[in-house]
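Novice:
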Amino acid sequence: MKKSKFIKAIVGILLSTTVLVGCGGNANEKETDKSGGEPKTIVIGTGNAFKPYCYLDDSGNLSGYEIEVLKEINKKLPQYKFEFNQLEFKNILLSLESNKVDVGAHQFEKNPERESKYLFGTESYTNFILRITVGKDRTDIKSIKDLEGKKVQTSAGSNDAYMLEQYNKEHNNAINLVYTSGLDAATTIKNIEDGRIDAFVSIKRIVDSYNQTYGEKLKTVGDPIATSNTYYVFRKEDTKLQGEFDKALKELKADGTLAKISIKILGGDYTTNE
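Numbering of the sequence shown is given in the numbering used here, commencing with residue 708 and proceeding in unit increments.
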């Protein structure tokens, strides 16, 4: 009898130990899953002086179309946590090269020079129809040829700078390019009014936004001088991240979210390819 009780006691202890070890194993698995499931930080290089795309609102918060779209992409990619690094436009792609940011987001258009260095997404998220922009009373400029001998403001490293530089290569530097970096709308308008520049290249919806904010100071003229789309930019080796962004953007297009953000912030649906 005593022996039987002793054996039962030993069996009971062994069973208890097995249960405890099993519970301990599950707890460790959960802890591992939890720590392994922490979202990876993805640093987004963007600007803060390009309204309505990326700018600081009245409370000093980063706002705009770029930011709202990226927030929706982040919802589609819960394995990541997006962190925004506010940079001058000219420094965004340089920061991508030097691994200071993981994604460039500032309405980047493709051109051969950029494509030789960086990986662009395959899904665009805004269309860009570039037009010459002048002061509202200007009548002598209607085409890119009319810019010859004139002072044209452009942002260093931008796609419109690339396009104007290509024109100059073919036309003996006929356009006097005035390079700037990170100028706000008020400064650009003042440069037009004071005669520091004769024109700049932009898209109509941005010019309309400037006029709504500062009064009817500007107008676009002539036919479009270029039509393109904008994309997120990655390092050449980051094909996985590129694919994940493309997939998220496709879903945002399909469910209408991207168009809604465009209509809300840009005043129309500018998300279709041109």
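All residues carry an ideal CB built from backbone N, CA and C; glycine is no exception.
If you measure from the beta carbon of G974 to each beta carbon in chain C, is any gap under 9 Å?
Specialist: No chain C appears in this structure, which consists of one protein chain only.
Novice: Return the bridge partner residues of Y825 from the DSSP annotation.
Specialist: Paired residue(s): none; Y825 is not in a bridge.
Novice: If contact is defined by three or more beta carbon pairs under 8 Å, each pair taking one atom from either stretch, is the region 822-839 in contact with the region 924-931?
Specialist: Yes: the two stretches touch, three or more of their Cβ pairs being nearer than 8 Å.
Novice: Can you say whether K660 is buried or exposed, counting buried as having 16 or more other CB atoms within 10 angstroms of its CB?
Specialist: Residue 660 lies beyond the stretch modelled for the chain, which goes from 708 to 981, so this question has no answer here.
Novice: Please confirm if the region 899-908 is in contact with the region 794-812, defined as three or more CB-CB distances below 8 Å between the two stretches.
Specialist: Touching, no.
Novice: Apart from the five residues just before and just after K924, which ones in its own chain have a Cβ nearer than 8 Å to its Cβ?
Specialist: Answer for K924: G842, K843, I896, I899, E900, Y917 and N918, listed in chain order.
Novice: Which residue's Cα is closest to the Cα of N781: D976, A955 and L965?
Specialist: When only C-alpha atoms are compared, the closest one is A955.
Novice: Check each candidate in T833, Y787, N818 and F791 and name the one with the smallest Cα separation from Y772.
Specialist: Out of T833, Y787, N818 and F791, T833 has the C-alpha closest to the C-alpha of Y772.
Novice: When you compare only the Cα positions, how much space is there between L801 and L794?
Specialist: So the alpha carbons of these two residues sit roughly 10 Å apart.
Novice: CB-CB under 8 Å to R912, same chain, minus the five flanking residues each way: which ones, in chain order?
Specialist: Correct list, in chain order: L973, G974, G975 and Y977.
Novice: Spatial neighbours of E849 within its chain, please: CB distance less than 7 Å, with the 5 preceding and 5 following residues excluded, ordered by chain position.
Specialist: One point to set straight first is that residue 849 is Lys, not Glu, in the sequence displayed. V928 and G929, listed in sequence order.
Novice: So, using beta-carbon positions, are S862 and Y938 closer together than 9 Å?
Specialist: Their beta carbons are not under 9 Å apart, which means S862 does not touch Y938 by this criterion.
Novice: Decide yes or no for the touch test of the region 811-830 against the region 751-765: beta carbon pairs closer than 8 Å, at least 3 of them.
Specialist: Verdict: yes, contact present.
Novice: Using only CA atoms, which one of D953, I910, D853 and G950 lies nearest to A881?
Specialist: The option with the nearest alpha carbon to A881 is D853.
Novice: Output needed for D847: all residues of its chain with C-beta closer than 7 Å, excluding positions within five of it in sequence on either side, in chain order.
Specialist: If we look at D847 and ignore the five residues flanking it on each side, its Cβ neighbours are D853.
Novice: Looking at C-alpha atoms only, which residue of L784, R942 and N866 is the closest neighbour of N936?
Specialist: Minimum Cα distance to N936 is reached at N866.
Novice: Hey, L948 and E779 are a contact pair by Cβ (cut 8 Å); roughly how many whole angstroms apart?
Specialist: Actually they are not in contact, since the Cβ atoms of L948 and E779 sit about 17 Å apart, beyond 8 Å.
Novice: Look at the alpha carbon of E816 and the alpha carbon of Y921, and state the distance between them as a whole number of angstroms.
Specialist: Approximately 27 Å, taken between the alpha carbons.
Novice: Count the other CB atoms within 10 Å of the CB of Q786; is the residue buried (16 or more) or exposed (fewer)?
Specialist: That one is exposed.
Novice: Could you spell out where the beta strand (DSSP E) holding E795 opens and where it closes?
Specialist: Careful: E795 lies outside any beta strand (DSSP E) and carries neither H nor E.
Novice: For N980, which residues from the same chain have a beta carbon less than 8 Å from its beta carbon, with the 5 sequence-adjacent residues on both sides left out?
Specialist: Contacts found: S831, N834 and N936.
Novice: Would you mind listing the beta strand (DSSP E) stretches within the region 853-924 that are 3+ residues and don't spill past its ends, in chain order?
Specialist: Within the region 853-924, the complete beta strand (DSSP E) runs of at least 3 residues are 858-862, 883-887 and 906-910.
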